[in-house]
Amino acid sequence: MYIDHPASYTDYYELTMAQGYFLSGMHQKRASFDYFFRKVPFDGGYVVYAGLKELIETIKHLRFSKEEMEYLVKEGFTDKFITYLKTFEFRGNIWSAKEGEIVFPNEPVLRVEGNLLETQLIETLLLNVLNFQSLIATKAARIKYAAGENSTVLDFGLRRAQGLAGIHATRAAMIGGFDGTSNVYSAQRFSIPAGGTMAHSWIQSFGDELTAFRTYCEHYPDSAHLLVDTYDTLGSGIPNAITVAKELREKGHELKGIRLDSGDLAYFSRQSRKMLDDAGFKNVKIAASNQLDERVIASLKTQKAPIDTFGVGTRLVTGDNSPALDGVYKLNSVNDEPTLKISENIEKITLPGKKKIYRYLNADGTFYGDAVLLDHETLLERMHHPTFPAKKSNLNGRTYEELLGQVIINGKEMYDLPEVDKIVEYKKERFAKLHPEYKRFDNPHIYKVGISTRLMETRDNLLNTLKP
Numbered sequence: 000m001y002i003d004h005p006a007s008y009t010d011y012y013e014l015t016m017a018q019g020y021f022l023s024g025m026h027q028k029r030a031s032f033d034y035f036f037r038k039v040p041f042d043g044g045y046v047v048y049a050g051l052k053e054l055i056e057t058i059k060h061l062r063f064s065k066e067e068m069e070y071l072v073k074e075g076f077t078d079k080f081i082t083y084l085k086t087f088e089f090r091g092n093i094w095s096a097k098e099g100e101i102v103f104p105n106e107p108v109l110r111v112e113g114n115l116l117e118t119q120l121i122e123t124l125l126l127n128v129l130n131f132q133s134l135i136a137t138k139a140a141r142i143k144y145a146a147g148e149n150s151t152v153l154d155f156g157l158r159r160a161q162g163l164a165g166i167h168a169t170r171a172a173m174i175g176g177f178d179g180t181s182n183v184y185s186a187q188r189f190s191i192p193a194g195g196t197m198a199h200s201w202i203q204s205f206g207d208e209l210t211a212f213r214t215y216c217e218h219y220p221d222s223a224h225l226l227v228d229t230y231d232t233l234g235s236g237i238p239n240a241i242t243v244a245k246e247l248r249e250k251g252h253e254l255k256g257i258r259l260d261s262g263d264l265a266y267f268s269r270q271s272r273k274m275l276d277d278a279g280f281k282n283v284k285i286a287a288s289n290q291l292d293e294r295v296i297a298s299l300k301t302q303k304a305p306i307d308t309f310g311v312g313t314r315l316v317t318g319d320n321s322p323a324l325d326g327v328y329k330l331n332s333v334n335d336e337p338t339l340k341i342s343e344n345i346e347k348i349t350l351p352g353k354k355k356i357y358r359y360l361n362a363d364g365t366f367y368g369d370a371v372l373l374d375h376e377t378l379l380e381r382m383h384h385p386t387f388p389a390k391k392s393n394l395n396g397r398t399y400e401e402l403l404g405q406v407i408i409n410g411k412e413m414y415d416l417p418e419v420d421k422i423v424e425y426k427k428e429r430f431a432k433l434h435p436e437y438k439r440f441d442n443p444h445i446y447k448v449g450i451s452t453r454l455m456e457t458r459d460n461l462l463n464t465l466k467p
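Position one of the sequence shown corresponds to residue 0 (numbering that gives the first Met the number 0), numbered consecutively onward.
Rendered as C-alpha cells:
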C-alpha cells in the first residue's frame, strides 16, 4: 500500500528548495542524506524500525500529476521548473536496515543517494512514514513484552487514532508484536488477522442482557465473546454468560470468551475466572480492555490477573507519553565531499560523509553494540563515544553484522520487500537477541553506539575548518 498523490505529500519548502536548486543549476549535484533519530521514545532502550515497505512503494510511484502541476502554477512556480517535473521520478539509491530491525539513537538506519533535487524532495514523506510507524511499532513491542508471549494482544485503536494514521498504526502494531486488530481496513490491506467482540450498544438495544447474549450466540455459536460489564459484571454479566455457555454446549458449541471493559480488571478477572471454572468452563478465555498500556498490563501481570487477551487502543495508536519520534533527515555529503551541520549542542552536530553500521555481537550471538563508520572502512579495532571520544570500546575479536543493505538502485527496487508476516518474524528474531536490561521500562540500560576513529577525525577536521 502506498500513499496516493505522493508528490504533494510534502512540505512547501521542499518544493521551493527543489525549484531553487533547479534554477541555480545545482539540481544535478550528487547528494547523500541520512535518516536517524536522537532519542528513544517512552524513556525506553530501543526502537523497532518500521515503515520501510510503505516508504519504498510510495517513492516508486512518486510522479507529478496534472492536478499537482496546475496547483504549482497557481502558486507561482516557473514554467521551466514545471516542465522539468513532468518527467520527474526518483532515480537515486536507498540503503536501509531491514524493517523490523532493533535500532538505536544517532545511527543512520537509512541513507538516500541521488541528485540534490530528488534526495531533498522526499524528505518530508520519508520522515512522516518512518517516524510514525517506528514510534507505534516500538510502543507495541513494549506492550507485547509486558503481556508476554503466552498472552494475546489486539489493536483496538482505530476509533481513537489521529485520522488516517490509524491505518499505518495497525500495520506498525503488528510489526511490534501484536497478534491481530479490530481495524478491518488495515487487516484487509496488510493481511492481518481481524477480530472483535461486541459493543455495549448491542446489549443495550435488547430488552435484557440475557436475550442480547443469546441472540449474538445464535449468529456466532463458534466464535462468541460476550461483553459482561454493561450492567453488573459479577451480578448479571458472568451469570448470564454462563447460562448461554451451557445452552451452547448442549447444542455442541462452546463459548469462546468474555470481555471486561471497566472497573478493577485484576479483581473482576479473578472473580470471573473462578465463576467460570466452578461452572465447568475453564476453556472460556477472558479478554480485557479500557485504557491499557505496557505499565497497566505489567501491573495486571504482577497481580496475577488471569487475563488471556488484552485489547489496546488509545495509548497504542497515539504513542501515549511520546507522541512523536524525533527522526531527522540530514545531508552528509555533496559531490562526495563530506558535509556537516554545526550546533551549539554537541549532540546535535551531525556525522559527515557516507556511512554504514556494523553491529557487534557477544559470544552467544546477542547484541553488544553498534559502530558507525565511513562507507569505505572495513575492520575496526575500537569505537569511540560520539560526544565523549575518550570513552572507547574495544572491538577486537568480536564478530559483526552489517546492518544497511541496498534497497533501491537507480530508482529500481532491488528485490520484493517482505510483507508484514515476514517482518514480524524478523522482529521477533532480532528482539530475542537484545538483553533484558535494554527492554525494562524503568532506567533501561543504554545501548552502545560508537563511531570509528576515521569518522571522528573527519568530523573534527570539518568542525575546525568550518568554525570562524
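Ideal Cβ positions, reconstructed from N, Cα and C, are used throughout, including at glycine.
Determine the DSSP secondary structure at residue i, reduced to helix, strand or coil.
{"i": "residue 392", "result": "strand"}
{"i": "residue 291", "result": "coil"}
{"i": "residue 243", "result": "helix"}
{"i": "residue 32", "result": "strand"}
{"i": "residue 74", "result": "coil"}
{"i": "residue 412", "result": "strand"}
{"i": "residue 120", "result": "helix"}
{"i": "residue 187", "result": "helix"}
{"i": "residue 468", "result": "This structure leaves residue 468 out entirely; the chain is present only between 0 and 467."}
{"i": "residue 199", "result": "helix"}
{"i": "residue 218", "result": "helix"}
{"i": "residue 39", "result": "coil"}
{"i": "residue 55", "result": "helix"}
{"i": "residue 251", "result": "coil"}
{"i": "residue 194", "result": "coil"}
Who are the near neighbours of residue i in its chain, counting only those whose CB is closer than 6 angstroms to its CB and skipping five residues on each side?
{"i": "residue 446", "result": "103 and 437"}
{"i": "residue 448", "result": "103, 105, 106 and 369"}
{"i": "residue 179", "result": "153, 192 and 194"}
{"i": "residue 225", "result": "212, 240 and 257"}
{"i": "residue 232", "result": "267"}
{"i": "residue 261", "result": "228 and 289"}
Give me the Cα-Cα distance between residue i and residue j, rounded to the nearest whole angstrom.
{"i": "residue 356", "j": "residue 403", "result": "7 angstroms"}
{"i": "residue 389", "j": "residue 456", "result": "13 angstroms"}
{"i": "residue 184", "j": "residue 207", "result": "32 angstroms"}
{"i": "residue 462", "j": "residue 412", "result": "36 angstroms"}
{"i": "residue 344", "j": "residue 149", "result": "45 angstroms"}
{"i": "residue 80", "j": "residue 22", "result": "8 angstroms"}
{"i": "residue 157", "j": "residue 168", "result": "8 angstroms"}
{"i": "residue 25", "j": "residue 115", "result": "7 angstroms"}
{"i": "residue 134", "j": "residue 287", "result": "24 angstroms"}
{"i": "residue 387", "j": "residue 353", "result": "22 angstroms"}
{"i": "residue 378", "j": "residue 372", "result": "10 angstroms"}
{"i": "residue 251", "j": "residue 219", "result": "13 angstroms"}
{"i": "residue 255", "j": "residue 276", "result": "14 angstroms"}
{"i": "residue 175", "j": "residue 72", "result": "43 angstroms"}
{"i": "residue 40", "j": "residue 439", "result": "13 angstroms"}
{"i": "residue 452", "j": "residue 117", "result": "32 angstroms"}
{"i": "residue 364", "j": "residue 358", "result": "11 angstroms"}
{"i": "residue 230", "j": "residue 236", "result": "7 angstroms"}
{"i": "residue 381", "j": "residue 395", "result": "7 angstroms"}
{"i": "residue 9", "j": "residue 166", "result": "19 angstroms"}
{"i": "residue 69", "j": "residue 202", "result": "53 angstroms"}
{"i": "residue 86", "j": "residue 400", "result": "39 angstroms"}
{"i": "residue 442", "j": "residue 5", "result": "40 angstroms"}
{"i": "residue 186", "j": "residue 338", "result": "43 angstroms"}
{"i": "residue 109", "j": "residue 95", "result": "4 angstroms"}
Might you give, ordered along the chain, the residues of its own chain that have their beta carbon closer than 8 angstroms to the beta carbon of residue i, omitting 5 neighbours on each side?
{"i": "residue 340", "result": "329, 330, 347, 348 and 349"}
{"i": "residue 163", "result": "none"}
{"i": "residue 189", "result": "0, 169, 170, 173, 418 and 419"}
{"i": "residue 409", "result": "90, 91 and 92"}
{"i": "residue 319", "result": "138, 292 and 313"}
{"i": "residue 245", "result": "278"}
{"i": "residue 77", "result": "18 and 22"}
Could you pull the DSSP bridge partners for residue i from this structure?
{"i": "residue 114", "result": "29"}
{"i": "residue 92", "result": "112"}
{"i": "residue 400", "result": "358"}
{"i": "residue 286", "result": "258 and 308"}
{"i": "residue 81", "result": "Answer is none; residue 81 lacks a bridge partner."}
{"i": "residue 449", "result": "370"}
{"i": "residue 457", "result": "Answer is none; residue 457 lacks a bridge partner."}
{"i": "residue 2", "result": "According to DSSP, which records beta bridges pairwise, residue 2 is partnered with nothing at all."}
{"i": "residue 224", "result": "256"}
{"i": "residue 179", "result": "153"}
{"i": "residue 383", "result": "391 and 450"}
Among the residues of its own chain, which have a CB less than 7 angstroms from the CB of residue i, if the five just before and after it don't count?
{"i": "residue 221", "result": "252"}
Task: Every unbroken alpha helix (DSSP H) inside the region 321-381 [4 residues or more] - done: none
TODO: Please go through the region 146-175 and give each complete beta strand (DSSP E) segment of 3 or more residues, from N-terminal end onward.
DONE: 151-154
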